[in-house]
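Presented below is the structure to which this report refers.
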Amino acid sequence: TQLLEQSPQFLSIQEGENLTVYCNSSSVFSSLQWYRQEPGEGPVLLVTVVTGGEVKKLKRLTFQFGDARKDSSLHITAAQPGDTGLYLCAGGYKLSFGAGTTVTVRA
Amino acid sequence: GAGVSQTPSNKVTEKGKYVELRCDPISGHTALYWYRQSLGQGPEFLIYFQGTGAADDSGLPNDRFFAVRPEGSVSTLKIQRTERGDSAVYLCASSLTDRGNSPLHFGNGTRLTVT
Numbered sequence: 066t067q068l069l070e071q072s073p074q075f076l077s078i079q080e081g082e083n084l085t086v087y088c089n090s091s092s093v094f095s096s097l098q099w100y101r102q103e104p105g106e107g108p109v110l111l112v113t114v115v116t117g118g119e120v121k122k123l124k125r126l127t128f129q130f131g132d133a134r135k136d137s138s139l140h141i142t143a144a145q146p147g148d149t150g151l152y153l154c155a156g157g158y159k160l161s162f163g164a165g166t167t168v169t170v171r172a
Numbered sequence: 008g009a010g011v012s013q014t015p016s017n018k019v020t021e022k023g024k025y026v027e028l029r030c031d032p033i034s035g036h037t038a039l040y041w042y043r044q045s046l047g048q049g050p051e052f053l054i055y056f057q058g059t060g061a062a063d064d065s066g067l068p069n070d071r072f073f074a075v076r077p078e079g080s081v082s083t084l085k086i087q088r089t090e091r092g093d094s095a096v097y098l099c100a101s102s103l104t105d106r107g108n109s110p111l112h113f114g115n116g117t118r119l120t121v122t
């Protein structure tokens with residue numbers, strides 16, 4: 066089983082601040098996906114990273130895949146209350162998920 | 008277009024009863040996944056189908072859990088002799104293929120409560 070560990074578990078910040086969440090594994094992944102989940106809803110895909118060292122930007126969100134394809138990070142610039150949610154990374158052929166980081170952005 | 012639909016959205020049952028949870032995937036998606044999610048945790052893999060067959064059922068916790076997808080579209084997750092520990096949100100997702108980087112489209116889940 067390819068295990069994904071996410072940190073921190075919880076993050077609470079003020080609107081306008083920046084934040085970074087991490088996804089780490091001892092295994093190599095051919096790709097990793099990041100999802101965001103809001104209460105009462107299913108996870109929604111944000112991005113898929115495929116190439117080691119890859120950086121992808123989605124508006125204020127920046128995703129990076131580690132050179133060795135064992136880790137990934139998500140950086141949010143100038144966070145807004147609408148960024149609040151559970152951020153999940155996932156990978157592997159049957160798409161195993163990490164435990165997630167619960168992000169709360171206070172207005 | 009229509010997304011993944013799960014019914015019921017909520018199910019309350021008594022310990023020992025049998026329940027069925029239904030998933031209608033996006034039309035044309037060949038892969039279908041079932042996950043279980045506890046509060047504040049990530050989804051835990053249960054089983055996935057490629058077409059009609061269960062390609063991997065290694066996540067099913069025990070033989071009380073069973074899932075079918077007889078015509079390669081709708082899937083039903085069946086739980087026999089429910090226990091309080093089965094209480095969770097059961098998520099279904101579908102994807103165009105079962106390749107590792109094919110994005111999953113999730114339904115909103117069925118919240119199962121066993122009393």
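Line order of the protein sequences matches chains A and B.
For the first sequence, position 25 (counting from the first letter as 1) is numbered 90 according to the numbering used here, and the numbering increases by one without interruption.
For the second sequence, position 21 (counting from the first letter as 1) is numbered 28 according to the numbering used here, and the numbering increases by one without interruption.
Note that the Cβ used here is the ideal one computed from N, Cα and C, for glycine as well.
Excluding five sequence positions before and after Tyr87/A, the CB atoms of its chain that fall closer than 6 Å to its own CB belong to Ser72 and Ser138, given in chain order. Within its own chain, the residues whose Cβ lies closer than 6 Å to the Cβ of Ser45/B, once the five positions on either side in sequence are excluded, are Ala95, listed in chain order.
Below 8 Å, enough C-beta pairs join the stretch 126-143 of chain A and the stretch 81-96 of chain A to call them touching: three or more. Around the Cβ of Arg134/A, a 10 Å sphere holds 16 or more other Cβ atoms; the residue is buried. The three-state reading of DSSP puts Asp148/A in helix, counting H, G and I together.
Collapsing the DSSP output to three states places Gly156/A in a strand. Around the beta carbon of Gly23/B, fewer than 16 other beta carbons lie within 10 angstroms, which makes this residue exposed. Interface annotation, Ser161/A: in contact with chain B, CB-CB separation under 8 Å.
Looking from the CA of Cys154/A, the closest CA among Pro15/B, Pro68/B, Pro110/B and Leu84/B belongs to Pro110/B.
Shown here, Arg88/B sits in coil according to DSSP, grouped into three states, outside any helix or strand.
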